[in-house]
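**Q** Just passing along the structure, written as structure tokens.
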Amino acid sequence: MIKVKLDMEDRSVFFPIETERKTLPRRGGTKRLSLSALALPAVDAAALFAVVALFGWGNRLCTAYGVVAFLGLAATGMQRGRINPTVSQDLPQILSRLSVPLLLVAVLALSSGVGAARLPNLLRVTAAAAILVPVGRGMTYGTIRLLRAHGYLFERAVIIGAGQIGAQVATILREHREYGLEPVGFLDSLEGSGLSMPILGDAHALVPVVEDNQVTTVIIAFGAVAEGELVGVLRACDALPVEVYVVPRFFELGIAPPGVTTEDVWGIPLIHLRRSALRPRARMTKRAFDLVLATVSLLALAPLFLAIALAVRRSSPGPVFFRQSRIGKDERLFELLKFRTMRVNHDSDTTWSVADDARVTRIGRFLRRTYLDELPQLLNVLRGEMSLVGPRPERPHFAQRFAQEVPRYDDRHRVPGGITGWAQVHGLRGDTPIPDRARFDNHYIENWSLWRDVVILARTITSVLLGR
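So the working numbering is basically just the index in the sequence shown, starting at one, shifted up by 1078.
Pasting the structure below:
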């Protein structure tokens, strides 16, 4: 017997759960996950290879188009497994992803001097891809639904919220096997009655329930769990290999956004939470981007780097680099590097602002005004301690204080700290409100994209050059 503790109106309540928390027998859940992850990429790759082989074999432009189109479909989430996949809903997004590579490859070809005579083959390949990719997906979707209906290729799901909507979602998923989800129970802060499944605990039991029952899908419905409480619970399980869906409030009024992020489950919309920055593929993409750009920047700025180092050495006795402990990803300590801008001191770990400190050297004022003192952090990026873009890492003394005073402050430690960030390009640096910074940092994490990193870097460089 397992006892689960729930908080009901500030009173501790225990109720026993006999069989509900037992791990369900394995019936293909793990295999289903790997097959789903491979199905759409394989079909897209086969369709694009076929059209290139038929209409553009030997044409480098057509080969480049096929590669870019496949990467575009993969990078924009179009190859993610779906609960209720339909070609009619995906078609506008598929066609747009197939059209952009055409324009990109054509512009690059013309600008590099490639003759326009090769472009007709490229147009034929694009037109054929616009037909074959949706056809391949339609056949794949039909096959997946058929296999699900016969008890194959399913995933296990847990529903947070045992209210009326949560109960309806559970009933729908059990009656419609074609959605490929088998609910194992509810999570809620109150014990329900007349439910089709047991309540496995409160929302804080999410991680053990997911791990014990091999759950791969979490659905958030309406229940007694407070929405503010759910934010912390879901962010705490970011490392789990689960997909998270939310039933939107007032969905009866049609406020659910159309597109590939919304699933229609027998009339109830489920919105998929992206969590892009926390996905393995996103982390690898961001890390590769950091490594390439940091390496190129260090090589290009090597003469400037050396000149600043000599100037700092001559400005006052002491080392070239200023080293300071900061809190990084998962609250791990690392040593942040800067060019030293002050005379040697020992109170920097607990002194908040030193903008007008008399110990700042003449070259230090220039470095701070131009932000050139931050250049050594490119070495932190190469070592994997930081990223080019992310929440600014804080000193342990202040991070501990802010975590106690500012809600969700610790959530910003889910990703590596950055040289610049979404908060900084909005003017939130120095002596600015910490709650605002935490909100911007968490917004960046939840809505990360490689393009947003490029935009933040461009805005940072522009601000520095314009002296803002």
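Positions of the beta carbon are idealized from the N, C-alpha and C atoms, including for glycine.
These numbers come from a predicted model, not from an experiment.
Expressed to the nearest angstrom, what Euclidean distance is found between the alpha-carbon atoms of SER1375 and VAL1467?
**A** Locating residue 1375 in the sequence shown gives position 297, counting from the first residue. Locating residue 1467 in the sequence shown gives position 389, counting from the first residue. The alpha-carbon atoms of SER1375 and VAL1467 are separated by roughly 14 Å.
**Q** Suppose only complete runs of 4+ residues qualify. What are the alpha helix (DSSP H) ranges in the segment 1323–1406, listed by chain order?
**A** 1358–1378, 1380–1393, all fully within the segment 1323–1406.
**Q** Using DSSP bridges, identify the partner residues of SER1465.
**A** Residue numbering aside, residue 1465 sits at position 387 when the sequence shown is read from its first letter. For SER1465, which the question treats as bridged, DSSP gives the partners GLY1496.
**Q** Tell me whether the beta-carbon of GLU1472 lies closer than 8 Å to the beta-carbon of LYS1416.
**A** In the sequence shown, the residue the question calls residue 1472 occupies position 394. In the sequence shown, the residue the question calls residue 1416 occupies position 338. Against a cut-off of 8 Å, the Cβ pair of LYS1416 and GLU1472 comes out as no contact.
**Q** When burial is assigned at 16 or more other CB atoms within 10 Å of the CB, is GLN1482 buried or exposed?
**A** Sequence index remark: in the sequence shown, residue 1482 carries index 404 (1-based). Exposed.
**Q** Going by DSSP in three states, LEU1318 sits in which element: helix, strand or coil?
**A** Position 240 of the sequence shown, counted from the first residue, corresponds to residue 1318. Coil.
**Q** Kindly indicate which three-state DSSP category ALA1207 falls into: helix, strand or coil?
**A** Translated into positions along the sequence shown, residue 1207 becomes position 129. It is helical.
**Q** Buried or exposed: which applies to LEU1506, given that a residue is buried once 16 or more other Cβ atoms fall within 10 Å of its Cβ?
**A** As a first step, residue 1506 is located in the sequence shown; it is residue number 428 there, counting from the start. So LEU1506 ends up on the buried side.
**Q** Compare the Cα-Cα distances from GLN1478 to each of VAL1145, LEU1182, THR1428 and report the closest residue.
**A** Mapped onto the sequence shown, residue 1478 falls at position 400. Selected option, being the one with the closest Cα: THR1428.
**Q** So, for PRO1119: in the same chain, excluding its five sequence neighbours on each side, which residues have a beta-carbon less than 7 Å away from its beta-carbon?
**A** The sequence position of residue 1119 within the sequence shown is 41, counting from 1. If we look at PRO1119 and ignore the five residues flanking it on each side, its Cβ neighbours are ALA1152, GLN1157.
**Q** Alpha carbon to alpha carbon, how far is GLY1406 from GLY1495?
**A** The residue you call residue 1406 lines up with position 328 of the sequence shown. The residue you call residue 1495 lines up with position 417 of the sequence shown. Straight-line Cα distance between these residues: approximately 6 Å.
**Q** Hey, how far is the Cα of LEU1543 from the Cα of GLU1463?
**A** Here residue 1543 corresponds to residue number 465 of the sequence shown, with the count starting at 1. Here residue 1463 corresponds to residue number 385 of the sequence shown, with the count starting at 1. Each residue's Cα considered, the two are about 27 Å apart.
**Q** Kindly list the residues whose CB is nearer than 7 Å to the CB of SER1426, restricted to its own chain and excluding five residues on each side of it in sequence; keep chain order.
**A** As a first step, residue 1426 must be located in the sequence shown, where it is residue number 348. Closer than 7 Å at Cβ, skipping near neighbours: GLN1402.
**Q** Could you check where the beta strand (DSSP E) with PRO1261 kicks off and where it finishes?
**A** Position 183 of the sequence shown holds residue 1261. Segment 1259–1265, the beta strand (DSSP E) holding PRO1261.
**Q** Considering only residues of the same chain and omitting the five flanking positions on each side of LEU1116, which have a CB-CB separation below 7 Å?
**A** Residue numbering aside, residue 1116 sits at position 38 when the sequence shown is read from its first letter. The answer is none, since no qualifying residue turns up.
**Q** Taking the alpha-carbon of PHE1480 as reference, which of GLN1455, LEU1460, ALA1516 has the nearest alpha-carbon?
**A** For the purposes of this step, residue 1480 is identified with residue 402 of the sequence shown, where counting begins at 1. Cα-wise, what sits closest to PHE1480 is ALA1516.
**Q** Please state the DSSP three-state secondary structure of LEU1031.
**A** Only positions 1079 to 1546 of the chain appear in the structure, and residue 1031 is not among them; the question remains open.
**Q** Could you compute how far the alpha carbon of LEU1388 sits from the alpha carbon of ASP1435?
**A** Position 310 of the sequence shown holds residue 1388. Position 357 of the sequence shown holds residue 1435. If you take the alpha carbons of LEU1388 and ASP1435, they lie about 23 Å apart.
**Q** Mind checking ALA1317: buried by the 16 CB within 10 Å criterion, or exposed?
**A** Your numbering for residue 1317 matches position 239 in the sequence shown. Exposed, by the Cβ-count rule.
**Q** Use the C-beta contact count for VAL1121: other C-beta atoms within 10 angstroms, 16 or more gives buried, fewer gives exposed.
**A** One-based indexing of the sequence shown puts residue 1121 at position 43. The residue in question, VAL1121, is buried, as its Cβ has 16 or more Cβ neighbours within 10 Å.
**Q** Helix, strand or coil: how does DSSP classify GLY1252 here?
**A** The residue you call residue 1252 lines up with position 174 of the sequence shown. According to the sequence shown, residue 1252 is Arg rather than Gly. Correct three-state label for ARG1252: helix.
**Q** Find out if the Cβ-Cβ distance for the pair ARG1447, VAL1503 is shorter than 8 Å.
**A** Taking the first residue of the sequence shown as 1, we reach residue 1447 at position 369. Taking the first residue of the sequence shown as 1, we reach residue 1503 at position 425. Not closer than 8 Å, so no.
**Q** Going by DSSP, name the residue or residues bridged to ARG1234.
**A** Taking the first residue of the sequence shown as 1, we reach residue 1234 at position 156. DSSP lists GLU1260 as partners of ARG1234.
**Q** Look at ILE1222 and ILE1297 and say whether their C-beta atoms are less than 8 Å apart.
**A** To locate residue 1222, count along the sequence shown from 1; it is residue 144. To locate residue 1297, count along the sequence shown from 1; it is residue 219. No.
**Q** Kindly give me the distance between the Cβ atoms of VAL1438 and THR1419, rounded to whole angstroms, as I take these residues to be in contact under 8 Å.
**A** Working through the sequence shown from its first residue, we reach residue 1438 at position 360. Working through the sequence shown from its first residue, we reach residue 1419 at position 341. Indeed, because the Cβ distance is near 6 Å, the residues count as touching under 8 Å.
**Q** By alpha-carbon positions, which one of GLY1144, THR1154, PHE1518 ends up nearest to SER1527?
**A** Along the sequence shown, read from residue 1 onward, the residue named residue 1527 stands at position 449. Answer by Cα proximity: THR1154.
**Q** Only counting the same chain, and skipping five residues up and downstream in sequence, which positions put a Cβ closer than 6 Å to that of ALA1299?
**A** Counted from its first residue, the sequence shown places residue 1299 at position 221. These residues qualify, in order along the chain: ILE1237, GLY1239, ILE1243, GLY1244, VAL1247, VAL1325.
**Q** Are the beta-carbon atoms of LEU1351 and VAL1322 separated by less than 8 Å?
**A** The residue given as residue 1351 occupies position 273 in the sequence shown. The residue given as residue 1322 occupies position 244 in the sequence shown. Contact: yes.
**Q** Drop a sphere of 10 angstroms on the beta-carbon of ARG1546, count the other beta-carbons inside from all chains shown, and report buried for 16 or more, exposed for fewer.
**A** Taking the first residue of the sequence shown as 1, we reach residue 1546 at position 468. It counts as exposed.
**Q** For MET1086, which residues from the same chain have a beta carbon less than 6 Å from its beta carbon, with the 5 sequence-adjacent residues on both sides left out?
**A** By 1-based counting over the sequence shown, the position of residue 1086 is 8. The predicted model places MET1086 with a pLDDT of 33, which falls under 50 and marks its position as unreliable, so this point remains unresolved.
**Q** Taking VAL1060 as the reference, give the member of LEU1457, ILE1497, ASP1519 with the closest Cα.
**A** Because the chain is modelled from 1079 through 1546, residue 1060 falls outside the range shown and cannot be assessed.
**Q** Would the segment 1227–1236 and the segment 1208–1216 be scored as touching if the rule is three or more Cβ pairs under 8 Å?
**A** Too few Cβ pairs lie closer than 8 Å, so no.
**Q** Considering THR1295, what are the terminal residues of the beta strand (DSSP E) in which it resides?
**A** The count along the sequence shown starts at 1 and reaches residue 1295 at position 217. Its beta strand (DSSP E) spans residues 1295–1298.
**Q** Around the C-beta of ASN1458, are 16 or more other C-beta atoms found within 10 angstroms, so that it is buried, or is it exposed?
**A** Taking the first residue of the sequence shown as position 1, residue 1458 is located at position 380. Result: buried.
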